[in-house]
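Engineer: For the sequence shown, position 402 (counting from the first letter as 1) is numbered 402 according to full-length UniProt numbering, and the numbering increases by one without interruption.
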Amino acid sequence: MGVLKVISLNANGLKPRLPFLEDILSHTQADVLLVQETNLGPKTRANISGFRHYRTDRGEGRRGLSTFVKEGLRHAQLPPPAGVPFEVQTTEVDLPGGPLLLLNTYKTPRPDTFEGPSLDRLLATAPRVLIVGDLNCRHTAWGCRSNNTAGNQLYAHLAQRDCAIIAPDEPTRTDPRDGGQSTLDIGIVHCLEYLVTAETLGCVGSDHAPVLFTVHTTPTYNEAPRRLNYNRARWPTFQQHLNTNLVIKRFNSEAEVDEGVTTLTTTIQKAMEKAIPRSKGTRKPNTLPPHIEVIKRDKNAARRRWIRTRDPEDRDEHNQLKHAMKEAMTAWRDQQWQHTMQECSEDHTRVWKIGRALKGWSGTVQPLTTATGMATSAQARAEAISEHFEKVHTANDHMAEPQHTQQALNTFYQNTQDHNNPLISGLGQYSPETAPYRMKHKMPLHLLFQQNA
């Protein structure tokens with residue numbers, strides 16, 4: 001059974017943490033990333049490949065939230081509940097037993113209070129809720145050194161509710177002033193029947209460490225959409241559908257223009273569905289061996305580090321890992337090729353598939369036919385190809401007969417008396433012995449060979 005993995009991080013600036021977060025997402029195979037204190041400006045881009053990004057900015061480089069959801073995960077982004085005194089992002093994720101509401105939450109340290117009614121409004125937004133984020137609530141119950149007012153109020157309020165606090169065993173924040181450690185990044189579970197665990201991950205450069213929350217149930221992913229196969233498109237059918245269903249007319253108002261655009265878009269989409277088939281599905285990429293995945297991850301991390309620092313040592317490390325990656329890929333591909341060739345036999349269909357792949361041609365191969373029928377075995381196919389080449393490349397012997405050669409020579413020399421022919425005018429009568437070179441070089445090549453012989 002799979003699991004739903006959610007990572008929460010108070011980044012204190014998202015942009016410089018992106019390379020570290022990409023490595024963590026790749027290593028943990030997380031489904032959702034919740035980030036607090038992104039400090040993104042309105043024109044700052046912060047995207048992660050393979051994830052959809054939802055952001056809520058609070059001002060020019062001041063706080064803000066971001067939610068990254070893996071492509072294909074069935075989810076919905078909902079508006080945050082009103083009347084809550086802290087930042088909230090709401091994401092609904094489909095699970096087998098029903099949707100789960102993920103709340104990306106951040107509460108400022110000041111004022112040092114926690115309002116219970118605000119938490120009740122969050123818990124009432126859905127039947128099953130998981131609140132994750134930096135609440136700035138300290139309490140010894142979840143691993144802090146001391147309690148603060150907000151932590152006491154939260155602990156007392158949850159003791160009267162059907163909720164549970166999920167916190168990792170290791171602290172999540174290190175105070176840069178005195179090195180003191182505390183657990184501020186926690187989760188609150190409400191009416192969730194699945195087991196939820198928390199784990200502190202490695203440092204990413206912020207004073208907070210990312211926390212991995214694992215919901216032990218399989219999330220629901222959408223099937224990969226089948227793409228249109230333009231190589232097999234029936235363009236005459238596409239053109240006929242457009243000619244039949246499109247009517248050219250004059251538009252006299254904005255409403256008619258909007259209606260015309262809608263009609264044109266719908267007609268083109270229907271024509272594409274009718275004339276362009278869809279592929280059977282995307283082929284899954286080959287999975288690399290674990291040792292090559294490690295080299296690849298280290299190489300990408302070294303490249304990002306070199307781009308950020310421009311340190312020659314980082315550049316040399318990246319080049320070394322790049323060279324190691326190339327050698328490892330070459331050795332692995334050679335091993336895969338040897339394994340493939342060992343599995344093949346002379347009558348195995350994979351031989352013909354490999355031949356088509358090497359030629360780079362994906363069309364269908366017509367069967368070989370002989371006088372007795374279709375060639376099915378390897379020996380019959382080889383004999384059919386041999387007979388074809390023997391028939392095509394047989395020499396034409398009638399051109400070498402003496403009678404034919406003498407007749408062609410007589411005709412050629414007889415034409416030298418034709419003074420109306422500008423090519424040979426003025427040459428006079430010549431015999432094979434007296435003909436000059438300028439006349440002989442106009443002879444057909446096979447006649448010249450026969451004459452010299």
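Note that beta-carbon positions come from the ideal geometry of N, C-alpha and C, so glycine has one too. It should be emphasised that the depicted structure is a prediction, and the values quoted were computed from it without experimental measurement.
Using DSSP with H/G/I as helix, E/B as strand and the rest coil, what is SER8?
Structural biologist: Reduced to three states, the DSSP call for SER8 is strand.
Engineer: Can you name the residues that DSSP bridges to residue 486?
Structural biologist: The shown model of the chain, from 1 to 453, leaves out residue 486, and the question about it has no answer.
Engineer: Note down, one range per segment and in chain order, each beta strand (DSSP E) of at least 3 residues found wholly within the segment 9 to 74.
Structural biologist: Correct list: 32 to 36, 51 to 56 and 65 to 70.
Engineer: Any idea what DSSP makes of ALA76, helix, strand or coil?
Structural biologist: DSSP places ALA76 in strand when its eight states are reduced to three.
Engineer: Assign TRP142 to buried or exposed, taking buried as 16 or more other Cβ atoms, counted over all protein chains shown, within 10 Å of its Cβ.
Structural biologist: The residue in question, TRP142, is buried, as its Cβ has 16 or more Cβ neighbours within 10 Å.
Engineer: Expressed to the nearest angstrom, what Euclidean distance is found between the alpha-carbon atoms of SER182 and GLY202?
Structural biologist: If I take the Cα positions, the gap works out to 15 Å.
Engineer: Is GLU22 buried or exposed, if buried means 16 or more other CB atoms sit within 10 Å of its CB?
Structural biologist: Buried: at least 16 other Cβ atoms inside 10 Å.
Engineer: Keeping to the same chain, check which residues put their C-beta closer than 8 Å to that of THR330; ignore five residues upstream and five downstream.
Structural biologist: Hits under 8 Å: none found.
Engineer: Throw me the rounded Cβ distance for the THR267 and ASN245 pair, which I believe falls under 8 Å.
Structural biologist: Confirmed, Cβ separation roughly 5 Å.
Engineer: Below 8 Å between beta carbons: does that hold for ILE166 and PHE213?
Structural biologist: Yes. Within cutoff.
Engineer: Report yes if the C-beta distance between LEU65 and GLU87 is below 8 Å; otherwise report no.
Structural biologist: It is a contact, given that the beta carbons lie within the stated cut-off.
Engineer: For the pair the segment 36 to 49 and the segment 247 to 255, tell me if three or more CB-CB distances fall below 8 Å.
Structural biologist: Verdict: no, contact absent.
Engineer: Can you look up ARG121 in the DSSP assignment and give me helix, strand or coil?
Structural biologist: Note: ARG121 maps to helix in three-state DSSP.
Engineer: Give me the residue from ALA328, ASN300 and TRP332 with the minimum Cα distance to PRO317.
Structural biologist: In the sequence on display, residue 317 carries Glu and not Pro. It is ASN300 whose Cα lies nearest to the Cα of GLU317.
Engineer: Just curious, the beta strand (DSSP E) that THR372 is in, first and last residue?
Structural biologist: From DSSP, THR372 is part of no beta strand (DSSP E); its letter is neither H nor E.
Engineer: Going by DSSP, what residue range makes up the alpha helix (DSSP H) through ILE268?
Structural biologist: From DSSP, the alpha helix (DSSP H) with ILE268 extends over 254 to 275.
Engineer: Quick check: the Cα distance between residue 463 and LEU321, rounded to an integer number of angstroms?
Structural biologist: For the chain, the structure presents residues 1 to 453; residue 463 sits outside this window and is missing.
Engineer: Looking only at DSSP bridge pairs, what is PRO99 linked to?
Structural biologist: DSSP, once it has assigned bridges, lists ASP94 as partnering PRO99.
Engineer: Counting C-beta neighbours from all protein chains within 10 Å, is the total for ASN252 16 or more, i.e. buried, or is it exposed?
Structural biologist: So ASN252 ends up on the exposed side.
Engineer: Kindly confirm or deny that the segment 127 to 139 and the segment 3 to 23 touch, where touching means at least three C-beta pairs closer than 8 Å.
Structural biologist: Enough Cβ pairs lie closer than 8 Å, so yes.
Engineer: Could you check how far apart the C-beta atoms of LEU192 and HIS216 are, in whole angstroms? I think they sit under 8 Å.
Structural biologist: Their Cβ separation, rounded to whole angstroms, is 10 Å, which puts LEU192 and HIS216 out of contact at 8 Å.
Engineer: According to DSSP, is SER386 part of a helix, a strand, or is it coil?
Structural biologist: Reduced to three states, the DSSP call for SER386 is helix.
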